[in-house]
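*Asks:* Protein chains in written order, with the numbering used here: chain W, 1 to 234; chain R, 1001 to 1081; chain U, 2001 to 2081; chain F, 3001 to 3595. My questions will all concern the structure given below.
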Amino acid sequence: MTARIGVVTFPGTLDDRDTQRAVRVAGAEAVPLWHRDKDLKQVDAVVLPGGFSYGDYLRAGAISRFSPVMGSIIEQARAGMPVLGICNGFQVLTEAHLLPGAMLRNTDLHFVCRDQKLRVETSGTAWTADYAAGQEISIPLKNIDGRYTADEHVLDELEAEGRVVFRYAVEGEAADGYGNPNGSLRDIAGITNAAGNVVGLMPHPEHAVESLIGTGRTDGLGFFTSVLKKLVDA
Amino acid sequence: MARVVVDVMLKPEILDPQGQAVQRALPRLGFDGISDVRQGKRFELEVDGPVDDAALARIRELAETFLANTVIEDFNVKVES
Amino acid sequence: MARVVVDVMLKPEILDPQGQAVQRALPRLGFDGISDVRQGKRFELEVDGPVDDAALARIRELAETFLANTVIEDFNVKVES
Amino acid sequence: MTLDTVGHAEQTPDVELPWKALGLKEDEYQRVREILGRRPTGAELAMYSVMWSEHCSYKSSKVHLKQFGAKAPQTDALLVGIGENAGVVDVGEGYAVTFKVESHNHPSYVEPYQGAATGVGGIVRDIIAMGARPVAVVDPLRMGAADHPDTKRVLPGVVAGIGGYGNCLGLPNIGGELVFDACYQGNPLVNAGAIGVMRHEDIHLAKASGAGNKVILYGARTGGDGIGGASILASETFDATKPSKRPAVQVGDPFQEKLLIECTLEAFAEKLVVGIQDLGAAGLSCATSELASNGSGGMRVELDDVPLRDSTLSPEEILMSESQERMCAVVEPAKVERFLAICEKWDVIATVVGEVTDGNRLEIFWHGEKIVDVDPRTVAHEGPTYDRPYARPSWQDALQADDANRLPRPDTGDELRAQALRVLSSPNVASKAWVTDQYDRFVQGNTVLAQPEDAGMIRVNEETGLGVAIATDGNGRYTKLDPYTGAQLALAEAYRNVAATGAKPLAISDCLNFGSPEDPDVMWQFVEAVRGLADGCLQLGTPVTGGNVSLYNQTGEAAIHPTPVVAVLGVIDDVARRTPMAFGDEGHLLYLLGE
Ligand SMILES: Nc1ncnc2c1ncn2[C@@H]1O[C@H](COP(=O)(O)OP(=O)(O)O)[C@@H](O)[C@H]1O
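Here you go:
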């Protein structure tokens, strides 16, 4: 028996099918979840994939956060189930207050799509155990509302508790995917909750799991193998 | 220093997908009794000098040529009290 | 039927690149004397029933939980005269 | 106000209609009267005028485009040719690919963001209407001078609009062009192409057959978008009290379109659809008349059932509205309930607005009265065609004589260096990353090649590695110098770009951007370019599967450079064997092929 990982589809979700593929590539079973269903089909973990749910109208993630499936996910996340929010999924998690802070329009106001260098800050979450703290990885980034922001004291708390999971790697040539692409405070690309089971980030690990496709790197696979190991060991 | 506000809204005959998305979400949030929602932009301009007729006329021109595209949008200029 | 307007603006301490982009463009357009520009959202809600205190309270709640994200935004509700 | 019913039209033969304001010529209007044997009703006039426009009827280009069929190379790859929403080619393993390029030039000049965005929306609906899942987009662009202030207004808006719409639909942008030239200052070219993938058995056509089958309109509500002409009809002729405010520019709703894609594909998967048509220019006029005229029977439509965004619309306006994000499907009665349920699942409004009938009339009713009674073929397919006069321009010789050999050559290394730097830093050659970085090229997880490669490549089959490649090219300056050869150069360049990836070129689509066909100089450019393209395709063995003609791209007397843009589609049996542009490993050798 392998782990069952749910992948949520909201109206306007775009990366659900690639996320399902990434889950399968990692060796787990991908279970589609529909925004209108409260039923989580007994999955062991959930991914909220990227896209433009509800067209990103109002604010990215603001409308999806009120969907029936989110009610169940919020409940399960509080009980410890691993939840990963990628890009729009991260935005949904902040709107749902499962993660602190909020996402704003990129400082240069443009959508940005590029291969982004990230530094893994902690392997102590459900989704990053297969990485080493300090490791540099490169995965695609693509968003227009990716500027992470939070109050100073929230940021201090995140840092103090080791809850900044990824930072944009700023050392190096910008053309090579280094640099803060959107003006996120303290170069934050991803964070976790206090328990370490809920992780959100802007870049897209599911686009970096096959050597032929996209950037040709597989640096994103570790997200899915991390959670799989955790679930199978549990 | 005074504040002048320019409101820019899509013309009523133009589709407003954002307003529609908000409106459609209301029943799910338990809100009814709102028959239409339109979403637009609000610009707050801090003006250095006095906001006299000349200043307002220039801001109206700014709104007309830059802040709004009058092919699809209407605008409204007012001094904030 | 009455119209209630909800204005949503980024909190003053939050960087507003859209407003800044507008402000930076002003000199090019021959405008000076505007020291700051902030850009926000304006929602126009058409309310079916009477806009009494109860209705306004509900709209305020709507603004607080949905139309604005109070982590980053302030809002203001007013009945349009 | 009197409703202009068919009966009313019969009884009032002498009522003057504003056919001229609707863009019809006197003899064209007479032709409508002949066809009907009476004067048209206002609604019929609306339909004929919009369907017989240059944009919808190809009346100036048709006689020449026939060469694409007449000179078509022998190929087994072509499953659906010119004439449908988009052509379809066989790429093997039971997969078929549909692709097409279209223009949205003028709207993008008026409102760059929305014009470009709705251009992407339109081409993607053509792809869905064929039964395919859209898998990628491309955007060949031509702008005025890079340093002109108006380029600063238009270009960022266009790029943001293409990105805003395409990104929100989840379609990777895998190629395109950005060319600056002063000739496009008042007439930027915003062309957009899309590719879709389907199984052979899923190919759908725009065809209404089977009497009793229901006609379902689904997607956005109908508003007063893009109906300037119809408003003239409504306000001047029959009802002076109508509001005159009708937007000339459409606002796109990519979220709605994403829902349309998903619900349409789900309906296809459950085999619920007999025929389907997207609503583009000419809206319901086009969808109903084309569905009916391609099918075996007639059609009856109740216009009152069309969901409206603006309740003041007149029937003529509803027929002509260009509101975006709408589709029309023909569904068997027993399957209607399931079809509507799928639409509901995706929050898409869907309404039965008519049915397929015996016979061959398209009849449209409003408030219970018949306002249209036509043979749909006369609306959709039997419009006027012109063989417009053309002649080699008097200035062509002088233009050709003025060749580059007369330009000063660099004498020193420094001069050469300066010239090389000038070329490299010119906006036409410099990096386009600031554009392409605003487009999502990774979404869907099948992108094998995208910018900065010469051709984009998408994996079609995860198991076998089957993939397709596409490149678009065009060169207005070459084409102006010699339209016949210039069109062939565009074809050859796109062909090479596809071949260089390792894919085998299969077929092409084109977007022919020219000035006014009423100018014999321009018409000659058009005729020569089409001839060149047709001859080139015959030689290379790549049939033309479809495309788009955009005429009247001119500011006053000044036409743009003749700009045929060619998209070549190729197939590769395993994307693992693709050849990227970058150097490989150290020690690899570099060869120069050709003369
Ligand atoms: N408007 C555009 N949309 C999408 N891709 C584009 C656009 N313009 C250029 N590109 C892509 O950028 C890359 C470089 O373009 P360009 O500098 O024009 O190269 P080339 O001259 O080799 O065609 C190519 O991959 C091309 O497809």
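Every residue, glycine too, gets a C-beta built ideally from N, C-alpha and C. Please read all numbers here as calculations on a predicted model, not as lab measurements.
Taking the alpha carbon of G3192(F) as the reference point, which residue from D3225(F), G3226(F), R3125(F) and E3302(F) has its own alpha carbon closest?
*Replies:* For the record, residue 3192(F) in the displayed sequence is Ala; it is not Gly. Of the listed residues, the one whose Cα sits closest to A3192(F) is R3125(F).
*Asks:* Nearest to T215(W) by CA position, among K117(W), D15(W) and D156(W), is which residue?
*Replies:* For T215(W), the nearest C-alpha among the options comes from K117(W).
*Asks:* Our contact map puts Y2988(F) next to A3529(F) with C-beta atoms below 8 Å; I'd like the distance itself, whole angstroms only.
*Replies:* Missing from the structure shown is residue 2988(F); chain F here goes from 3001 to 3595 and no further.
*Asks:* Please report whether the beta-carbon of I1034(R) lies at a distance below 7 Å from any beta-carbon of chain F.
*Replies:* Judged by the 7 Å Cβ criterion, I1034(R) is not in contact with chain F.
*Asks:* Quick check on Y3095(F): does DSSP put it in helix, strand or coil?
*Replies:* Here Y3095(F) sits in strand by DSSP.
*Asks:* In chain W, which residues lie less than 9 Å from Q1023(R) when you measure between Cβ atoms?
*Replies:* The contacting residues do not exist; Q1023(R) stays about 10 Å from chain W at best.
*Asks:* Roughly how many angstroms lie between the CA atoms of T1065(R) and E3111(F), to the nearest whole one?
*Replies:* Approximately 13 Å, taken between the alpha carbons.
*Asks:* Residues of chain W with a CB under 9 Å from the CB of P1017(R): which are they?
*Replies:* What P1017(R) touches in chain W: G55 and Y57.
*Asks:* With 7 Å as the limit, tell me which residues of the region 1056-1078 of chain R have their beta carbon closer than that to any beta carbon of chain F; keep them in chain order.
*Replies:* Hits within the stretch, in order: N1069, V1071 and I1072.
*Asks:* Any idea what DSSP makes of Y3386(F), helix, strand or coil?
*Replies:* Three-state DSSP puts Y3386(F) in coil, outside helix and strand.
*Asks:* According to the neighbour-count rule (16 or more other Cβ atoms, all chains shown, within 10 Å of its Cβ), is G3069(F) buried or exposed?
*Replies:* Exposed is the call here.
*Asks:* Let me check one thing: in DSSP terms, what residues is C113(W) bridge-paired to?
*Replies:* Looking at the DSSP assignment, C113(W) forms a beta bridge with K142(W).
*Asks:* Does G2049(U) get closer than 7 Å to chain R when you measure Cβ to Cβ?
*Replies:* Yes, its Cβ sits closer than 7 Å to a Cβ of chain R.
*Asks:* Ignoring anything shorter than 4 residues or poking outside the region 3296-3372 of chain F, list the alpha helix (DSSP H) runs there in chain order.
*Replies:* Listed in chain order, they are 3315-3320 and 3333-3345.
*Asks:* Along the chain, where does the beta strand (DSSP E) that runs through I3195(F) open and close?
*Replies:* Note, I3195(F): beta strand (DSSP E), L3189 to R3199.
*Asks:* E3382(F): which of A3471(F), P3564(F), K3062(F) and H3008(F) sits nearest, CA to CA?
*Replies:* The shortest C-alpha separation from E3382(F) is found at K3062(F).
*Asks:* How about V1006(R): is its C-beta nearer than 7 Å to some C-beta of chain U?
*Replies:* No, V1006(R) lies away from the interface with chain U (no Cβ there is under 7 Å from its Cβ).
*Asks:* Indicate the three-state DSSP secondary structure (helix, strand or coil) for Q2039(U) in the structure shown.
*Replies:* Three-state result, Q2039(U): strand.
*Asks:* Looking only at its chain, what residues have a beta carbon closer than 6 Å to the beta carbon of V3443(F), apart from the 5 residues adjacent to it on each side?
*Replies:* So the list reads G3170 and P3172, once near-sequence residues are dropped.
*Asks:* Looking only at its chain, what residues have a beta carbon closer than 8 Å to the beta carbon of T3555(F), apart from the 5 residues adjacent to it on each side?
*Replies:* The residues are Q3185, G3186 and N3187.
*Asks:* Please decide whether A3124(F) counts as near chain R, where near means a Cβ-Cβ distance under 7 Å.
*Replies:* Sequence check: residue 3124(F) is Val here, not Ala. Chain R contact via Cβ: absent.
*Asks:* Quick check: T3472(F) and V3138(F), are their CB atoms within less than 7 Å of each other?
*Replies:* Cβ atoms of T3472(F) and V3138(F): closer than 7 Å.
*Asks:* So which of L48(W), V43(W) and N182(W) has the shortest CA-CA distance to E206(W)?
*Replies:* Taking only the C-alpha atoms, the option nearest E206(W) is L48(W).
*Asks:* Helix, strand or coil, according to DSSP, for P32(W) in the structure here?
*Replies:* Of the three classes helix, strand and coil, the one that applies to P32(W) here is strand, per DSSP.
*Asks:* Determine the chain U residues that contact R105(W) at a beta-carbon separation under 7 Å, and present them in chain order.
*Replies:* Neighbours of R105(W) on chain U, chain order: P2017 and Q2018.
*Asks:* Give the single residue among M81(W), A60(W), V25(W) and G190(W) whose Cα lies nearest to the Cα of Q42(W).
*Replies:* Minimum Cα distance to Q42(W) is reached at M81(W).
*Asks:* Do three or more CB pairs link the region 3438-3452 of chain F to the region 3487-3498 of chain F at distances below 8 Å?
*Replies:* Verdict: no, contact absent.
*Asks:* Within the 7 Å Cβ cut-off, does L185(W) reach chain U?
*Replies:* Cβ-Cβ to chain U under 7 Å: no for L185(W).
*Asks:* According to DSSP, simplified to helix, strand and coil, what is L3272(F)?
*Replies:* If DSSP states are grouped into helix, strand and coil, L3272(F) belongs with coil.
*Asks:* So, are the CB atoms of E3028(F) and P3384(F) less than 7 Å apart?
*Replies:* Yes, Cβ-Cβ distance for E3028(F) and P3384(F) is below 7 Å.
*Asks:* Do you know whose CA, among R3038(F), Q3074(F) and E3010(F), lies nearest S3507(F)'s CA?
*Replies:* This sequence places Ala at residue 3507(F); Ser is not what is there. Comparing Cα-Cα distances from A3507(F) to each of R3038(F), Q3074(F) and E3010(F), the minimum goes to Q3074(F).
*Asks:* Note down, in chain order, all residues in the region 60-86 of chain W with a beta-carbon under 7 Å from any beta-carbon belonging to chain R.
*Replies:* The region 60-86 of chain W vs chain R, Cβ under 7 Å: I63 and F66.
*Asks:* Pull the bridge partners of L3141(F) from the DSSP assignment, please.
*Replies:* DSSP lists L3178(F) and V3190(F) as partners of L3141(F).
*Asks:* Taking 7 Å as the CB-CB cut-off, is R1028(R) touching chain W?
*Replies:* Interface residue, yes.
*Asks:* Compute the distance between the beta-carbons of I1014(R) and V3097(F), then report whether it is under 7 Å.
*Replies:* Not in contact: I1014(R) and V3097(F) (Cβ atoms no closer than 7 Å).
*Asks:* Within 10 angstroms of its Cβ, does H3204(F) collect 16 or more other Cβ (buried), or is it exposed?
*Replies:* It is buried - the Cβ of H3204(F) has at least 16 other Cβ atoms within 10 Å.
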